[in-house]
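Visitor: The structure that follows is given in the form of structure tokens.
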Amino acid sequence: MSFKPTKSRSMVLKKGKVVDRFRFSISGTVIPSITEQPVKSLGKLFDSSLKDTAAIQKSTEELGGWLTKVDKSGLPGRFKAWIYQHSILPRVLWPLLVYAVPVTTVESLERKISSFLRRWLGLPRSLNSAALYGTSNTLQLPFSGLTEEFKVAHTREALQYRDSRDCKVSSAGIEVKTGRKWKAEKAVDVAESRLRQKALVGAVATGRTGLGYFPKTQVSHARGKERNHLLQEEVRAGVEEERVGRAVGLRQQGAWTRWESALQRKVTWSNIMQADFHRVRFLVAAVYDALPSPANLHAWEKSETPTCSLCSGRGSLEHLLSSCPKSLADGRYRWRHDQVLKAVAESIALAISTSKHHHAPKKAISFIKAGERPRAGPQITTGLLHTATDWQLHVDLGKQLLFPQHIATTSLRPDMIITSEASKHLIMLELTVPWEERIEEANERKRAKYQELVEECRGRGWRTFYEPIEVGCRGFAGRSLCKAFGRLGITGTAKKRAIKAASEAAERATRWLWLKKADPWVATGTQAGS
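Heads up, my numbering is the position in the sequence shown plus 69, with the first residue counted as 1.
What follows is the structure in structure tokens.
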């Protein structure tokens with residue numbers, strides 16, 4: 070091995086300070102001092118200050134410069150957001166990893182990034198950062214939080230030092246410096262204790278699924294990369310819990326934490342890059358109650374009164390989209406209800422037309438010999454629609470639906486009736502498009518409303534199934550819709566497509582009602598296609 074003086078650096082310390090008075094040489098070749106020529110290794114700059122302050126400041130300025138350049142590029146805002154997520158974020162993470170950056174600095178950088186993202190996406194300035202980066206939100210956006218990625222990266226670094234195969238490295242007690250507010254080593258300890266606690270609790274039921282439906286690897290059985298991955302994911306879960314904790318304390322923007330029966334929706338980059346991105350912008354603002362409603366404008370001191378323009382009530386977003394008596398009397402909410410009902414009916418009609426024209430075969434138990442693998446057989450589709458071949462679908466659209474008199478005499482009008490005379494099956498569906506926080510209430514109310522009719526039909530020999538279904542007015546389907554489709558036999562991709570169609574129908578109709586909130590309402594066929 071040859072020693073190259075020109076590629077080396079010298080440094081002289083006197084009483085803890087760098088002194089630039091001496092020079093070292095080898096064979097007449099002077100070794101440059103670190104004061105004259107700072108050296109860079111693995112992206113980290115080493116200079117005579119022996120501190121990372123200047124480098125951190127430079128990295129902060131570089132991030133600001135990149136954001137400003139992208140901001141002034143003239144590209145559409147959603148393209149700027151894509152550049153941040155896939156170019157700027159990975160590039161800025163490395164300096165934050167190699168330098169001793171305190172987490173408070175990272176949080177300030179995230180606030181700066183959030184302000185750019187809000188402006189690029191056309192979102193309100195008051196929108197909480199949990200709405201941008203939350204991973205357990207009812208509405209999830211495809212952005213990664215800088216603070217979360219910083220904590221996960223330093224957790225990975227701490228694990229590399231602690232679990233290194235080199236005993237000298239693992240026993241050196243190397244500390245990952247991240248400031249006083251958050252410590253990587255402590256985060257690892259907390260993550261391990263959380264995983265041990267989960268192992269003690271064991272498998273728990275999630276929703277209506279049974280025990281063990283979602284198998285999870287126990288930390289005691291994991292080794293190497295798998296164990297490190299579990300710990301990093303647990304750190305992410307801790308960050309997300311902090312976000313949710315802050316959101317719970319927000320009355321308006323944290324209302325989604327009280328949506329007990331609404332299915333989650335994810336906004337993908339494909340949605341953001343589409344030409345109708347204004348729909349995504351409206352959806353985000355509506356979910357977090359950040360639209361310029363009369364009540365919000367009054368709270369923002371942009372309007373003198375919070376009164377609804379159609380009635381004398383307080384013009385909150387909930388009032389405008391779900392509770393205004395004038396809108397109800399005009400038929401605005403009924404029109405939206407019919408748009409969603411039409412989407413649901415089309416999905417069910419398609420399922421009826423494509424269902425098999427014979428009864429679903431009984432599923433036989435196939436025994437497997439020891440040491441053999443099960444053979445993949447044809448998937449058997451089950452559900453109510455596969456128990457008969459003469460289904461008739463009746464929907465309360467266009468003309469008033471009358472309940473079949475030969476089944477029962479009643480003045481009630483379910484939104485959808487599916488009958489089979491051959492097997493004497495009767496399926497009733499009742500749709501509600503409520504404010505998302507009232508989905509459970511609407512389900513209980515509609516279930517009680519039709520209980521007597523269901524019992525009467527069963528008493529007359531009809532195998533009756535009744536399901537109240539809900540789709541939130543902002544486009545979040547209730548779990549009851551998912552359950553109803555599954556019970557009918559609409560599963561897999563067909564179910565996802567049907568739920569998406571119903572959700573988007575509600576979202577489009579609500580946006581139209583918002584745009585026309587102050588205009589006279591005339592329920593015509595042209596509005597249905599808008």
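Yeah, the Cβ is synthetic: ideal placement off N, Cα and C, and Gly gets one too.
Which residues in the same chain as Glu490 place their Cβ atom closer than 7 angstroms to its Cβ, once the five residues preceding and following it in sequence are excluded?
Guide: Asp459, listed in sequence order.
Visitor: With a threshold of 6 angstroms on Cβ separation, who are the neighbours of Pro68 within its own chain once the five nearest residues in sequence on each side are excluded?
Guide: Nothing can be reported for residue 68: it is not among the residues displayed for the chain, which extend from 70 to 599.
Visitor: Please determine if the region 338-346 and the region 218-226 are in contact, where contact requires at least 3 C-beta pairs separated by less than 8 angstroms.
Guide: No, the region 338-346 is not in contact with the region 218-226.
Visitor: Can you have a look at Glu103 and say buried or exposed, based on whether 16 or more other CB atoms are within 10 angstroms of its CB?
Guide: Here residue 103 turns out to be Ile, not Glu, going by the sequence shown. Ile103 comes out buried.
Visitor: The beta strand (DSSP E) spanning Glu536 covers which residue range?
Guide: Run containing Glu536: Arg532 to Glu539, per the beta strand (DSSP E) assignment.
Visitor: Indicate whether the contact test is met: 3 or more Cβ pairs, each with one atom in the region 287-303 and one in the region 498-505, closer than 8 angstroms.
Guide: At 8 angstroms Cβ cutoff, the stretches do not touch.
Visitor: Does DSSP classify Glu179 as helix, strand or coil?
Guide: Of the three classes helix, strand and coil, the one that applies to Glu179 here is helix, per DSSP.
Visitor: Take the Cβ of Gly323 as the centre, count every other Cβ of all protein chains shown within 10 Å, and call the residue buried at 16 or more, exposed below.
Guide: Buried: at least 16 other Cβ atoms inside 10 Å.
Visitor: By how many angstroms is the C-alpha of Ile341 removed from the C-alpha of Leu136?
Guide: Distance between the alpha carbons of Leu136 and Ile341 is about 19 angstroms.
Visitor: Closest by CA to Arg609, which one among Val257, Gly307, Pro193 and Glu415?
Guide: No information on residue 609 is available, as it lies outside the stretch 70 to 599 that the chain covers here.
Visitor: Start and end of the alpha helix (DSSP H) containing Ser572?
Guide: Run containing Ser572: Gly561 to Leu584, per the alpha helix (DSSP H) assignment.
Visitor: Rounding to the nearest angstrom, what Cα-Cα distance links Lys493 and Trp531 in this structure?
Guide: Roughly 5 angstroms between the two C-alpha positions.
Visitor: Could you tell me the boundaries of the beta strand (DSSP E) in which Glu499 lies?
Guide: Element bounds for Glu499: His494 to Thr501.
Visitor: Using 8 angstroms as the threshold, is the region 548-556 in touch with the region 519-539, meaning 3 or more CB pairs across them?
Guide: The answer is yes - the region 519-539 touches the region 548-556, with three or more Cβ pairs under 8 angstroms.
Visitor: Less than 9 angstroms between the C-beta atoms of Thr479 and Leu522, yes or no?
Guide: Yes, the pair counts as a contact, with Cβ atoms nearer than the cut-off.
Visitor: Can you tell which of Pro361, Asp121, Lys515 and Ala256 has its C-alpha closest to the C-alpha of Ala169?
Guide: Checking every option, the nearest Cα to that of Ala169 belongs to Asp121.
Visitor: What would DSSP say about Lys468, mapped onto helix, strand or coil?
Guide: Three-state DSSP puts Lys468 in coil, outside helix and strand.
Visitor: Hey, is the region 153-171 in contact with the region 243-257, meaning 3+ C-beta pairs nearer than 8 angstroms?
Guide: Yes, the region 153-171 is in contact with the region 243-257.
Visitor: Would you call Gln408 buried or exposed, if buried means 16 or more other Cβ atoms sit within 10 Å of its Cβ?
Guide: Flag for Gln408 reads buried.
Visitor: Who does Ser102 pair with in a DSSP beta bridge?
Guide: For Ser102, which the question treats as bridged, DSSP gives the partners Ser79.
Visitor: Looking at C-alpha atoms only, which residue of Ser416, Phe436 and Ser392 is the closest neighbour of Thr560?
Guide: Out of Ser416, Phe436 and Ser392, Ser416 has the C-alpha closest to the C-alpha of Thr560.
Visitor: Using the beta-carbon count (16 or more within 10 Å), is Ser110 buried or exposed?
Guide: Label assigned to Ser110: exposed.
Visitor: Drop a sphere of 10 angstroms on the beta-carbon of Lys586, count the other beta-carbons inside from all chains shown, and report buried for 16 or more, exposed for fewer.
Guide: Label assigned to Lys586: buried.
Visitor: Less than 9 angstroms between the beta carbons of Glu217 and Val308, yes or no?
Guide: The answer is yes: Cβ separation under 9 angstroms.
Visitor: What's the C-alpha gap between Gly547 and Thr326?
Guide: Spanning the two alpha carbons is a distance of roughly 15 angstroms.
Visitor: In chain order, what residues of the same chain have a beta carbon less than 8 angstroms from the beta carbon of Asp465, not counting five sequence neighbours either side?
Guide: If we look at Asp465 and ignore the five residues flanking it on each side, its Cβ neighbours are Leu410, Arg482, Pro483, Asp484 and Met485.
Visitor: Taking 8 angstroms as the limit between beta carbons, can you name the residues of its chain near Thr595, skipping five residues before and five after?
Guide: Note on Thr595: pLDDT 44, under 50, position unreliable in the model; the coordinate value appears next. Closer than 8 angstroms at the Cβ level, and outside the excluded window around Thr595, lies no residue.
Visitor: For Val139 versus Ile157, is the C-beta distance shorter than 9 angstroms?
Guide: Yes, Cβ-Cβ distance for Val139 and Ile157 is below 9 angstroms.
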